[in-house]
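Visitor: What follows is a structure written as structure tokens; I'll ask about it next.
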Amino acid sequence: MISGWIGFTLSAALFQCWRTAMQQRLRGQLSVNAAGVVRYLYGVPVGLAIFGLYAAVFGGTLPALSLTVLALCAAGGFGQILGTNLLIMAFGHRNFAVGTAYAKTEAMQAAFVATLLLGEHLSLLSWLGIAIGVGGVLYLSLAGRGTSPGELLRGLMQPAALCGIGAGFCFGLTGVLIKAANQAMPGSDVVFKALLLLVIINTMQTLMQGAYLAVKEPSQFRAVFATWRDSGQVGALSALGSACWFSAFALAPVALVRALGQVEILFTLAFSRFYLREKATRADVVGSLVVVAGVVLVLWGSR
Numbered sequence: 229m230i231s232g233w234i235g236f237t238l239s240a241a242l243f244q245c246w247r248t249a250m251q252q253r254l255r256g257q258l259s260v261n262a263a264g265v266v267r268y269l270y271g272v273p274v275g276l277a278i279f280g281l282y283a284a285v286f287g288g289t290l291p292a293l294s295l296t297v298l299a300l301c302a303a304g305g306f307g308q309i310l311g312t313n314l315l316i317m318a319f320g321h322r323n324f325a326v327g328t329a330y331a332k333t334e335a336m337q338a339a340f341v342a343t344l345l346l347g348e349h350l351s352l353l354s355w356l357g358i359a360i361g362v363g364g365v366l367y368l369s370l371a372g373r374g375t376s377p378g379e380l381l382r383g384l385m386q387p388a389a390l391c392g393i394g395a396g397f398c399f400g401l402t403g404v405l406i407k408a409a410n411q412a413m414p415g416s417d418v419v420f421k422a423l424l425l426l427v428i429i430n431t432m433q434t435l436m437q438g439a440y441l442a443v444k445e446p447s448q449f450r451a452v453f454a455t456w457r458d459s460g461q462v463g464a465l466s467a468l469g470s471a472c473w474f475s476a477f478a479l480a481p482v483a484l485v486r487a488l489g490q491v492e493i494l495f496t497l498a499f500s501r502f503y504l505r506e507k508a509t510r511a512d513v514v515g516s517l518v519v520v521a522g523v524v525l526v527l528w529g530s531r
């Protein structure tokens, strides 16, 4: 099952990077909450299609859904919404580089939360790899922004940093809650359950954030449907990415999945270099090598 979670995680990171690039088209057209709604609303039919295709190929019967499973789904879905909003709030503060960098500690925070709540145990080598990978991602996040490690520490209590840390925690906790929901659901096919959870959680997120949008931002609620061409693509990529994330969480410790998922920043750099023809800086190369070294240690420690 090890190779399976690696494939799912790499695919998830690629889809997430692709979705982020596509979502740039919606900037200026939709508010923060409306941009969140399109991910879930247009992701539901795609998630249903993925689940239906998997069930048709591999079989499976719908399990009974307990209140515990539904509560975990609701909490995980809300955690993702809150994390996204906190990250965008971090962008809005003056020192957004600090907020973004602290949000990148998600993998380390996920490791601690998973250890405490799920009892997941990692090897010392994997812990070292996670720490090195986070360091590399922090370096890449700050490179060229004139923010030193000392300034990062001194800015710990800034609003941007607090929002960034909060976003990282919410994203890490979301992965743990999704895995807990999978474990609480009856059935032996964890991927089948993961894809079912995707449909349930996306539906809940659509209702939660969609209801807020309809009441607080009615004009944006209409814009969600007016931008259906671009929004539909974002929703489809979001559903594909989440299907891979949820499946990876089901097959491996959350901390390892989040740690390997840091390769998303490498995909972003590759997109910048080969598609946008932007020249890679020395900092980009150094940071990328550090991230790769961390990923190698994580995978080596997980054998």
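Here the sequence shown is numbered in this note's numbering, starting from 229 and rising by one per residue. Think of the CB as a built atom: it goes at the ideal place given N, C-alpha and C, for glycine as much as any other residue. Just so you know, these numbers come straight off a predicted model, no measurement behind them.
My output table needs one value for Q350: the three-state DSSP class, helix, strand or coil.
Guide: Inspection of the sequence shows that residue 350 is occupied by Leu rather than by Gln. Three-state DSSP puts L350 in coil, outside helix and strand.
Visitor: Look up M229 in the DSSP assignment and say whether it is helix, strand or coil.
Guide: Since pLDDT at M229 reaches only 45, below the 50 mark, its modelled position is unreliable, and no value is offered.
Visitor: Could you name the residues of the same chain whose beta carbon sits closer than 6 Å to that of F236, not counting the 5 residues immediately before and after it, in chain order?
Guide: Excluding positions up to five away in sequence, the list reads C472, S475, A476.
Visitor: Can you grab the Cα-Cα spacing for the pair A406 / L426, in whole Å?
Guide: Before going further, note that residue 406 is Ile rather than Ala in the sequence given. Approximately 9 Å between the Cα atoms of the pair.
Visitor: Using three-state DSSP, classify L290 as helix, strand or coil.
Guide: In this structure, L290 counts as coil in the three-state DSSP scheme.
Visitor: CB-CB under 7 Å to I429, same chain, minus the five flanking residues each way: which ones, in chain order?
Guide: Correct list, in chain order: C301, G304, G305.
Visitor: Identify, in the order they occur along the chain, each residue of the same chain with its Cβ nearer than 7 Å to the Cβ of L401, setting aside the five sequence neighbours on each side.
Guide: G307, V341, listed in sequence order.
Visitor: Whose C-beta lies closer than 7 Å to the C-beta of V418 among residues of the same chain, with five residues either side of it excluded?
Guide: Within the same chain, V418 has close Cβ partners N410, A478, L479.
Visitor: Among L350, L293, L315, A262, which residue has its Cα nearest to the Cα of V482?
Guide: When each option's Cα is compared against that of V482, the closest is L350.
Visitor: Looking at the secondary structure, which residues open and close the alpha helix (DSSP H) in which Q433 lies?
Guide: Element bounds for Q433: 418-444.
Visitor: Measuring CB to CB, does A388 end up less than 7 Å from A318?
Guide: Cβ distance < 7 Å, so A388 and A318 count as in contact.
Visitor: If you draw a straight line from the C-alpha of G469 to the C-alpha of Q244, how long is it?
Guide: One C-alpha to the other measures close to 6 Å.
Visitor: Between Y270 and G460, is the Cβ-Cβ spacing less than 7 Å?
Guide: Their beta carbons are under 7 Å apart, which means Y270 touches G460 by this criterion.
Visitor: What are the boundary residues of the alpha helix (DSSP H) that includes K407?
Guide: 387-412 is the extent of the alpha helix (DSSP H) around K407.
Visitor: If you draw a straight line from the C-alpha of S239 to the C-alpha of G256, how long is it?
Guide: Spanning the two alpha carbons is a distance of roughly 29 Å.
Visitor: Going by CA-CA distance only, name the one from L356, R267, M250 that's closest to G463.
Guide: Selected option, being the one with the closest Cα: R267.
Visitor: Nearest-angstrom Cα distance between M229 and F279?
Guide: Unreliable positioning characterises M229 in this predicted model, as indicated by a pLDDT of 45, which lies under 50. The coordinate reading is nonetheless provided below. In a straight line, the C-alpha of M229 is about 20 Å away from that of F279.
Visitor: Compute the distance between the beta-carbons of G361 and V260, then report whether it is under 7 Å.
Guide: Going by C-beta atoms, G361 is not nearer than 7 Å to V260.
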